[in-house]
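One structure is given below, encoded as structure tokens.
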Amino acid sequence: MNWMKQNKGLKGDALTAALEKQDWDPSVKSLVNFPEVLQMMNDQLDWTQQLGDAFLAQRKDVMDTVQKLRGKAQTQGNLKTTKEQKVVVEKETQTIIIEPANPQVVYVPTYNPTVVYGTWWYPAPPVYVYPPPPPYYPAFTFAAGVAVGAAWGYAWGHADWHGGDVDIDVNRNTNINRNINRTTYQQQYQAKGQVNQAGKGTWQHDTGHRQGVAYRDSATAQKYGQQPGRSSQARSESRGYSGDRGAPGRQTGSLDGSGGREPAKSGGTGSLDRSGGRESAQARGTGTGGRESAFSGAGNGRFEKNASERGQMSRGGRGRR
0 MNWMKQNKGL KGDALTAALE KQDWDPSVKS LVNFPEVLQM MNDQLDWTQQ LGDAFLAQRK
60 DVMDTVQKLR GKAQTQGNLK TTKEQKVVVE KETQTIIIEP ANPQVVYVPT YNPTVVYGTW
120 WYPAPPVYVY PPPPPYYPAF TFAAGVAVGA AWGYAWGHAD WHGGDVDIDV NRNTNINRNI
180 NRTTYQQQYQ AKGQVNQAGK GTWQHDTGHR QGVAYRDSAT AQKYGQQPGR SSQARSESRG
240 YSGDRGAPGR QTGSLDGSGG REPAKSGGTG SLDRSGGRES AQARGTGTGG RESAFSGAGN
300 GRFEKNASER GQMSRGGRGR R
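Note that numbering that gives the first Met the number 0 has the sequence shown beginning at 0, numbered continuously upward.
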């Protein structure tokens, strides 16, 4: 966030050139166009980590949950084609695809999940809304359009809703992003075994980006080669707490250089899950290693009690709702 504030005047080609000098993941660079999204992720670091952990442990469940939430919003009449976005439903799979109406301009939606999706499947879900809404605001609206230009896409990819993955396409938007050194990104991805000679592949977690932050469960830790029995002190220190932790105040660090937490990417642009990836995190389920569906908590008394307590905490002190 500090980098964004220092370079807030950069646009288009100048922004792309400045981003090329940073060693961040291309997925993070793609989000620089949307400061309100990064601001929320920065302010709610616990939520950002929970969403990332849910995606690592239950990737397909998270992707499926996004589609189910889109279906709920559509049923409620809150997801449809507008001047800002185009909503397409694939006939064979009923997969809901959301695209910008104008590829050059992306509008970030902001909305109240409890209104847009209708009845929630467990009590009091934590609600995160950005930017901070005024005293009176509609259930669903759009922030000002962002003319994404040269920095959009950024050698990144899109959601594979059918496979439950995020695809990488280094050569995407070639005619727009002319200042990106695609050869460098292709070589980096190939070295990690993520893309083929054509620059296409599937996103894979880079353990170095966590900078020692513990995974949420033993199965995920073992999957990525980390010892599951990490001490709470080590976890706290890696998140920036002092040794004695006299006051467990929130760390308000930033996402601007360390890449310590990679956001789980949705492939849609200007889509409900880009602003509402948070509901996917809420729906992440209680299982480990992807054994349970993100919707499996419905009707589970213990799960609903825990969810209700989280919601009360959210309303009491989270600020952004």
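Where a beta carbon is used, it is the ideal one built from N, C-alpha and C, also for glycine.
As the structure is a prediction and not an experimental result, all values here were calculated from the model.
Please state the DSSP three-state secondary structure of residue i.
i, result
"glutamate 98", "strand"
"glycine 245", "Legend: pLDDT at glycine 245 = 43, less than 50; position of this residue unreliable, no value from coordinates given."
"valine 31", "coil"
"valine 118", "At residue 118 the sequence reads threonine, which differs from the valine that was named. Note: threonine 118 maps to coil in three-state DSSP."
"alanine 158", "strand"
"serine 295", "Here the model assigns serine 295 a pLDDT of 44, short of 50, so the residue's position is not dependable and the matter cannot be decided."
"glycine 8", "coil"
Name the two residues that bound the continuous beta strand (DSSP E) containing residue i.
i, result
"phenylalanine 139", "139–141"
"threonine 109", "108–110"
Could you name the residues of the same chain whose beta carbon sits closer than 6 Å to that of residue i, not counting the 5 residues immediately before and after it, in chain order?
i, result
"leucine 44", "none"
"valine 88", "Ile95"
"tryptophan 160", "Thr94"
"glutamate 98", "Lys85"
"asparagine 299", "Note that asparagine 299 has pLDDT 44, beneath the 50 cutoff, so the model's placement of it is unreliable and no number is given."
Could you spell out where the alpha helix (DSSP H) holding residue i opens and where it closes?
i, result
"valine 36", "34–42"
"tryptophan 2", "1–5"
"lysine 222", "217–222"
"leucine 18", "11–19"
Are the Cβ atoms of residue i and residue j separated by less than 9 Å?
i, j, result
"lysine 79", "glutamine 73", "yes"
"threonine 219", "aspartate 52", "yes"
"tyrosine 106", "alanine 158", "no"
"phenylalanine 139", "asparagine 101", "no"
"glutamine 75", "valine 31", "no"
"threonine 109", "phenylalanine 141", "yes"
"glycine 117", "lysine 67", "no"
"alanine 213", "glutamine 225", "yes"
Going along the chain, which residues of its own chain have a beta-carbon closer than 8 Å to the beta-carbon of residue i, five neighbours each way excluded?
i, result
"leucine 37", "Met0, Met3, Leu30, Val31, Leu254"
"asparagine 6", "Leu14, Ala17"
"glycine 316", "Confidence in glycine 316 is poor, its pLDDT being 38 and thus under 50, which makes the residue's placement unreliable; the coordinate value appears in the next sentence. For glycine 316, where only same-chain residues beyond five positions count, there are no Cβ hits under 8 Å."
Leaving out five residues before and five after residue i in sequence, what residues of the same chain have Cβ atoms less than 7 Å from its Cβ?
i, result
"leucine 9", "Ala17"
"lysine 90", "none"
Please specify which runs of the alpha helix (DSSP H), each continuous and at least 4 residues long, are wholly inside the segment 62–94, giving them in chain order. none
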